[in-house]
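If you're matching them up, the sequences are chains A and B in order. Counting in this note's numbering, the first sequence runs from 3 upward without gaps. Counting in this note's numbering, the second sequence runs from 7 upward without gaps. Glycine included, C-beta positions come from ideal geometry on N, C-alpha and C.
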Amino acid sequence: MDVTAAARPSVDEIRGWLAEVPDPEIPAVSVVDLGIVRDVQWDASGELVVTVTPTYSGCPATELIAAEIARAIRGRGVERVRLDTRLSPAWTTDWISDRGREKLSAYGIAPPGYKVVDASAILRRRAPETVACPRCGSQRTSLTSRFGSTPCKALYRCDDCLEPFDYFKPH
Amino acid sequence: MGRDDALFQYCLRLGDNALVLAQRLGEWTGKAPIIEEDLATANTALDLIGQARMWLAYAGEIEGSGRGEDELAFLRDVSDFRNVLLVEQANGNFADTIARQFYFDAWNVRALDALSRSRDPRVAEIAAKSVKEAAYHLERSADWVVRLGDGTEESRAKMQAAIDDLWMYTGEFFEADDIDRAVTESGIGFDPAALHAPWLEEVKRVLDDATLSTPAPGYMQRGGKQGVHTEKLGYLLAEMQFLQRAYPGAQW
Chain A
3 MDVTAAARPS VDEIRGWLAE VPDPEIPAVS VVDLGIVRDV QWDASGELVV TVTPTYSGCP
63 ATELIAAEIA RAIRGRGVER VRLDTRLSPA WTTDWISDRG REKLSAYGIA PPGYKVVDAS
123 AILRRRAPET VACPRCGSQR TSLTSRFGST PCKALYRCDD CLEPFDYFKP H
Chain B
7 MGRDDALFQY CLRLGDNALV LAQRLGEWTG KAPIIEEDLA TANTALDLIG QARMWLAYAG
67 EIEGSGRGED ELAFLRDVSD FRNVLLVEQA NGNFADTIAR QFYFDAWNVR ALDALSRSRD
127 PRVAEIAAKS VKEAAYHLER SADWVVRLGD GTEESRAKMQ AAIDDLWMYT GEFFEADDID
187 RAVTESGIGF DPAALHAPWL EEVKRVLDDA TLSTPAPGYM QRGGKQGVHT EKLGYLLAEM
247 QFLQRAYPGA QW
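Right, dumping it as structure tokens:
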């Protein structure tokens, strides 16, 4: 189907579709919640251009995410869609939406504990952070490993409810 | 030396450091001492593979003869690799792996931080993306140096031995050659010697915390950046490149 300018879905409407595309690694949050979708635009030729940014440079989900986004858009009848990748500014957990943070927490993953702003906040840090347990809220938690099931998470354990949990590291 | 020649070689060095170290770390997958470290090692390798892809893809574009990241990774021979000797050294025991990682991470964070201010926008954006990942690698490797160094008698002895054994491969980071000088002059790269003092300060701080002694200055091995490698790299490449060599163009 070729979409004429008048019949085109609006950019906001398309963003709404993408807000339902789950992250393949953490399906509780969408690619919009995570701040992976940087831009949605119709170009002059009537092609839809979605600009995405990779989270971690080696994240194996990056290509799958692009494919899922294209599939979601084509599924709504927009055939001419192009995915662009933008590296700069580098993705940061500061872009995770408030809704995304709530969803992470409800899913059992503690959301990032501070704003990164620029890399210096990470580079100058010296001690592991205090992370609240997403299950019972206790501040008495300990770091088990700096990397969890994916590079973006660390493994923690709650010293009160004794449950292990993932922490989404500030990045 | 032309600007593009130097930049091509420079990107190969950065990409090969990440690629070769990632391949080494991958050898631990499935047999690290504990499952958390199995995951952490594999995740570090994954970050480095991602960084290697970005550097080698850019190197291929600069070269302009049609080689992409895959051709550069899988079809170059050992003398065309430009990684420092440190990263190709064998995994050894866990302390050897951690010492190699710690020396590299302490350099890599500073190198990427400097490159994030490069006059070449592509170099700057790759570095800005990678430096945050490298910072987490350094936290982990420094932690382990302290944990093993300030640990049992046996772990301390192994950690000290690893720190001592790999020391002679750390000099290469800080020695400039024509390529380093060319990219420093054009504002693309950094002066390698400028990173030595901050690197040493960090290494010493962590080794002090770990109750280990910092090795004394001594003879340093060199050559990796120019393609003269230890015997270990050929075996690593033989395994890494086997599939593309035996079945050219094979894809998943």
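| Check | Outcome |
| --- | --- |
| Beta-carbon proximity of THR94 (chain A) to LYS138 (chain B), cut-off 9 angstroms | yes |
| Closest by C-alpha distance to GLY110 (chain A), when choosing among A:LYS117, A:ARG159, A:ARG142 | A:ARG159 |
| Contacting residues, own chain, Cβ-Cβ under 8 angstroms from VAL26 (chain B) (five flanking each side not counted) | PHE87, ASN89, VAL93, GLU94, LEU239, LEU242 |
| Min CB distance MET3 (chain A) to chain B below 9 angstroms | The predicted model places MET3 (chain A) with a pLDDT of 48, which falls under 50 and marks its position as unreliable, so this point remains unresolved. |
| Identity of the residue in A:THR146, A:ALA112, A:GLU131, A:SER122 nearest CYS138 (chain A) by Cα | A:ALA112 |
| Short CB-CB distance (under 9 angstroms) between TYR58 (chain A) and chain B | yes |
| Chain B within 9 angstroms of ILE124 (chain A), Cβ atoms only | yes |
| Pick from B:ASP83, B:ALA28, B:ALA96, B:GLY70 that is closest to VAL234 (chain B), judged by C-alpha positions | B:ASP83 |
| Within-9 angstroms CB hit, GLY56 (chain B) to chain A | yes |
| Cβ-based burial, PRO39 (chain B) [other Cβ within 10 Å; buried from 16] | exposed |
| Residue of A:PRO62, A:SER47, A:PHE170, A:VAL39 minimising C-alpha distance to VAL118 (chain A) | A:PHE170 |
| Delimiting residues of the beta strand (DSSP E) encompassing LYS37 (chain B) | Careful: LYS37 (chain B) lies outside any beta strand (DSSP E) and carries neither H nor E. |
| Whether ARG40 (chain A) touches THR55 (chain A) by CB criterion (9 angstroms) | yes |
| Candidates A:GLU165, A:GLY150, A:ARG126, of which the one nearest SER140 (chain A) by Cα | A:GLU165 |
| C-beta contact flag for VAL23 (chain A) and VAL34 (chain A) at 9 angstroms | yes |
| Start-to-end residues for the beta strand (DSSP E) that takes in VAL51 (chain A) | 50-54 |
| Three-state secondary structure assigned by DSSP to LYS231 (chain B) | helix |
| Where the alpha helix (DSSP H) containing PHE108 (chain B) begins and where it ends | 100-121 |
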